[in-house]
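Novice: Mind having a look at this structure? Questions to follow.
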DNA sequence: ATGCTTTGCTCAATCGATAATGCTATGAGG
DNA sequence: CCTCATAGCATTATCGATTGAGCAAAGCAT
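Chains as they are written, first to last, in this note's numbering: chain A, 1 to 345; chain B, 346 to 690.
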């Protein structure tokens, strides 16, 4: 408090009449190794406190070739899932006594590489990469910097990866939807189940589509490839796609598997605008979670990815230390709507 | 790529047959000041590229007493508002060419002070503090470290602060609700408008309650102090409070002003469990925003805080540089439900 | 009194980048 | 031919914390 400037161990040393190295050991808790008198330590600590001393972590990091920072990059904060991931990451890192540095990099390849480079430049001790657009170069960068890293959500063949068990989750969701449906008649496409949203080339969507196909096929509810509409992640696009489907069928489909919360938003917007009777019999499922999604005017089964479990698993992989490629699948949970005593026909 | 180890300017200097300082200037773009030959610069840049050189930002920061990091602390990522804030922050910082470091500190005083200390230890160039539990000590820490800082969402009397215009927002929301209500009869409390949620001692809630009082009083709809139920932010608590209110009145209130998205979640959970007729005539408002909130089975007017505007304003304050106390009010926007052609009585 | 151990520290180098100062060729001007 | 300016770089100190090596004094045994 006395000085406006930050004080260094040299300042403290001068005030305490000792050397800087003594101050260093006194303040970082390892003074016993150096056989420093308890008296001296306490005197130094007192002076440090009075002068508002704070270690310069840059200097320490430079010397130690490490920073005490754990870095995470993720595309955005626009969905619960990513927010939950960063929240879980922050908790875990703080519990381990280091400092989380979260970088929102956007979805561009370039930007993501940039972000990883920047983190490495700060000598982060580990990197968690969520939602990588193009994982391989990112892994290469980390490896060439010798930094342990792990991928979450979007896996990398070259590094430990933790992803939701998209196949199992989608299988469970589809089965649950089918169970509440009347059997489909092949001649009436209006009675079919549809899959909407996502990018078919991305591994997550690919697995989900596979599960959707398998489950519907097993139930005799797969009739053609037009049941899968992987139209990307845009809210507006999903809205127009569902409108088109509605028009094409002449009515709402019997079941709708929506593949991401943003598409679900588009679907719900559309549903809010049509007469309630029109969709009263549609069974809805969404592979993603939002607390309000479960509280809409119609029942929805949602799949919740377990961000906290994924993060613990990611750190478990990091703790192992080899950095060998691996793939951990985390089962998501099915969240069905709480009992709705309502629903006026 | 050649080496597994990170290379330094000294390595590059050796390979290029120059001195380290030449390399430094060649690579950081300021070589003209040092009259270094273009040939030399290009040779150095080539070698640097081939060896995967990356500046060590810790070393640079140590030397320059700055880090290129912009720090933000915020309590959690559990609501849209905070997620939007960090998203906007990240965009703004990256647009300015530095690196965002976001720290989720939780709501504890201690933890928040700790987080700010840690940021200062990394020599961050600026600090944005969102949702401070106890602003004064945080500001004191930044000031004693000589670091420009600004408060967002929860203001500090000692520093520039940017907050939502809670009074105006709540006034507009209350008025909008009252406008769609039949006039209240003083003798029938069931016809009253209620305010639910929040912590009355916090400045945001305090302002909102004031506006709620003023608007209801002006409309002759303020009858007693029991119309304000500041029961905190817990989902479960809000649910029991609304249940109790329902029981006490013998029916749902005519209007309900819900003061935060978490309380709104509790309210919606409750509403989902009662017969639809029971609440068909309740007018709902929520001071917070969630895209699905607007798509529930009943109409809701939501107040959306403009995170992006708040962040630009925060940086405008930082750019001014004096760090003098100030209070910027940002008007939120009212989001009414899109036309609902539905609602079966 | 001498030698040896232990205590309690100090010194100086180091991490990598930066920047003030210094040094050496070359060419121009007188 | 000598002086001086300039281009083009090299040297070296510095930022703050850490750490291996060392060193003086005290204690102890012989």
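Positions of the beta carbon are idealized from the N, C-alpha and C atoms, including for glycine.
Remember, it's a predicted structure, so these values are computed and weren't measured experimentally.
Residue 220(A) by DSSP, collapsed to three states: which one?
Specialist: Coil at residue 220(A), not helix or strand.
Novice: Taking the C-alpha atoms as reference points, what is the distance between residue 51(A) and residue 502(B)?
Specialist: Answer to the nearest angstrom: the Cα atoms are 25 Å apart.
Novice: With respect to the beta strand (DSSP E) encompassing residue 330(A), which residues constitute its N-terminal and C-terminal limits?
Specialist: Note, residue 330(A): beta strand (DSSP E), 326–330.
Novice: Taking residue 81(A) as part of the alpha helix (DSSP H), name the residues at either end of that continuous run.
Specialist: Per DSSP, residue 81(A) belongs to the alpha helix (DSSP H) from 80–95.
Novice: If you scan the region 470–513 of chain B from start to end, which runs of the alpha helix (DSSP H) of 4 or more residues do you find wholly inside it?
Specialist: You should have 480–490.
Novice: Just the Cα atoms here: how many angstroms apart are residue 93(A) and residue 457(B)?
Specialist: So the two alpha carbons sit approximately 15 Å from each other.
Novice: Could you compute how far the alpha carbon of residue 672(B) sits from the alpha carbon of residue 505(B)?
Specialist: Approximately 6 Å between the Cα atoms of the pair.
Novice: Measure the alpha-carbon distance for residue 615(B) versus residue 642(B) and round it to whole angstroms.
Specialist: Distance between the alpha carbons of residue 615(B) and residue 642(B): 13 Å.
Novice: With a cut-off of 8 Å, do at least 3 Cβ pairs link the region 651–660 of chain B to the region 418–436 of chain B?
Specialist: Touching, yes.
Novice: How would you call residue 6(A), buried or exposed, if buried means at least 16 neighbouring beta carbons within 10 angstroms?
Specialist: Result: buried.
Novice: From 435(B), 612(B) and 627(B), pick the residue whose C-alpha is nearest to that of residue 522(B); which is it?
Specialist: With distances taken between Cα atoms, residue 522(B) lies closest to 627(B).
Novice: With a CB to CB cut of under 8 Å and the five nearest residues on each side skipped, what residues in its chain are close to residue 333(A)?
Specialist: Answer for residue 333(A): 303, 304 and 306, listed in chain order.
Novice: In the structure shown, what three-state DSSP assignment does residue 461(B) receive?
Specialist: Of the three classes helix, strand and coil, the one that applies to residue 461(B) here is helix, per DSSP.
Novice: My output table needs one value for residue 400(B): the three-state DSSP class, helix, strand or coil.
Specialist: Correct three-state label for residue 400(B): coil.
Novice: Beta-carbon separation of residue 443(B) and residue 464(B) under 8 Å?
Specialist: No, the pair does not count as a contact, with Cβ atoms beyond the cut-off.
Novice: Exposed or buried, which one is residue 394(B) when buried takes at least 16 other CB atoms within 10 Å?
Specialist: When all chains shown are included, residue 394(B) counts as exposed.
Novice: So for residue 415(B), helix, strand or coil by DSSP?
Specialist: Residue state, collapsed to three classes: strand.
Novice: Identify the residues that DSSP records as bridge partners of residue 231(A): which are they?
Specialist: Paired residue(s): none; residue 231(A) is not in a bridge.
Novice: For residue 460(B), collect the residues of the same chain with a Cβ closer than 6 Å to its Cβ; drop the 5 residues on either side in sequence, then sort them by chain order.
Specialist: Cβ within range, chain order: 418, 448 and 450.
Novice: Applying the 10 Å Cβ sphere with the 16-neighbour rule, what's the burial state of residue 403(B)?
Specialist: Buried, since its Cβ has 16 or more Cβ neighbours within 10 Å.
Novice: Give me whichever residues DSSP pairs with residue 100(A) in a beta bridge.
Specialist: Bridge partners of residue 100(A): 70(A).
Novice: Between the Cα of residue 299(A) and the Cα atoms of 255(A), 129(A) and 318(A), which residue gives the shortest distance?
Specialist: Comparing Cα positions, the closest option is 255(A).
Novice: Identify whether residue 678(B) lies in helix, strand or coil by the three-state DSSP scheme.
Specialist: Strand.
Novice: Does residue 284(A) have its Cβ less than 8 Å from a Cβ in chain B?
Specialist: Residue 284(A) does not count as touching chain B.
Novice: Short of 6 Å in beta carbon distance, which residues of its chain neighbour residue 90(A), apart from the five on each side in sequence? Order them along the chain.
Specialist: The residues are 100.
Novice: Out of curiosity, what's the CA-to-CA distance linking residue 633(B) and residue 371(B)?
Specialist: Taking the straight line from one Cα to the other gives about 51 Å.
Novice: Look at residue 492(B) and residue 469(B) and say whether their C-beta atoms are less than 8 Å apart.
Specialist: Against a cut-off of 8 Å, the Cβ pair of residue 469(B) and residue 492(B) comes out as a contact.
Novice: Excluding the five sequence neighbours on either side, which residues of its own chain have a C-beta within less than 6 Å of the C-beta of residue 279(A), listed in chain order?
Specialist: Cβ neighbours of residue 279(A) beyond the five flanking positions: 252 and 271.
Novice: In whole angstroms, what is the alpha-carbon distance linking residue 384(A) and residue 325(A)?
Specialist: Shown here, chain A extends from 1 to 345; a query on residue 384(A) therefore has no answer.
Novice: Interface residues of chain B around residue 116(A) at Cβ under 8 Å?
Specialist: Those within 8 Å of residue 116(A) in chain B number zero; the least Cβ separation is about 11 Å.
Novice: Could you give the distance in angstroms between the alpha-carbon of residue 121(A) and the alpha-carbon of residue 145(A)?
Specialist: Spanning the two alpha carbons is a distance of roughly 9 Å.
Novice: At least one CB of chain B closer than 8 Å to the CB of residue 138(A): is that the case?
Specialist: Taking Cβ atoms only, chain B never reaches closer than 8 Å to residue 138(A), which makes this a no.
Novice: Run the CB neighbour count on residue 635(B), radius 10 Å, all protein chains shown included, and call it buried at 16 or more, exposed below.
Specialist: Counting Cβ neighbours within 10 Å, residue 635(B) comes out buried, since at least 16 surround it.
Novice: Give me whichever residues DSSP pairs with residue 171(A) in a beta bridge.
Specialist: Residue 171(A) pairs with nothing; no bridge assigned.
Novice: Hey, is the region 235–250 of chain A in contact with the region 165–175 of chain A, meaning 3+ C-beta pairs nearer than 8 Å?
Specialist: Segments in contact, no.
Novice: Name the one or two DSSP bridge partners that residue 300(A) has.
Specialist: In the DSSP output, where bridge partners are listed per residue, residue 300(A) has 284(A).
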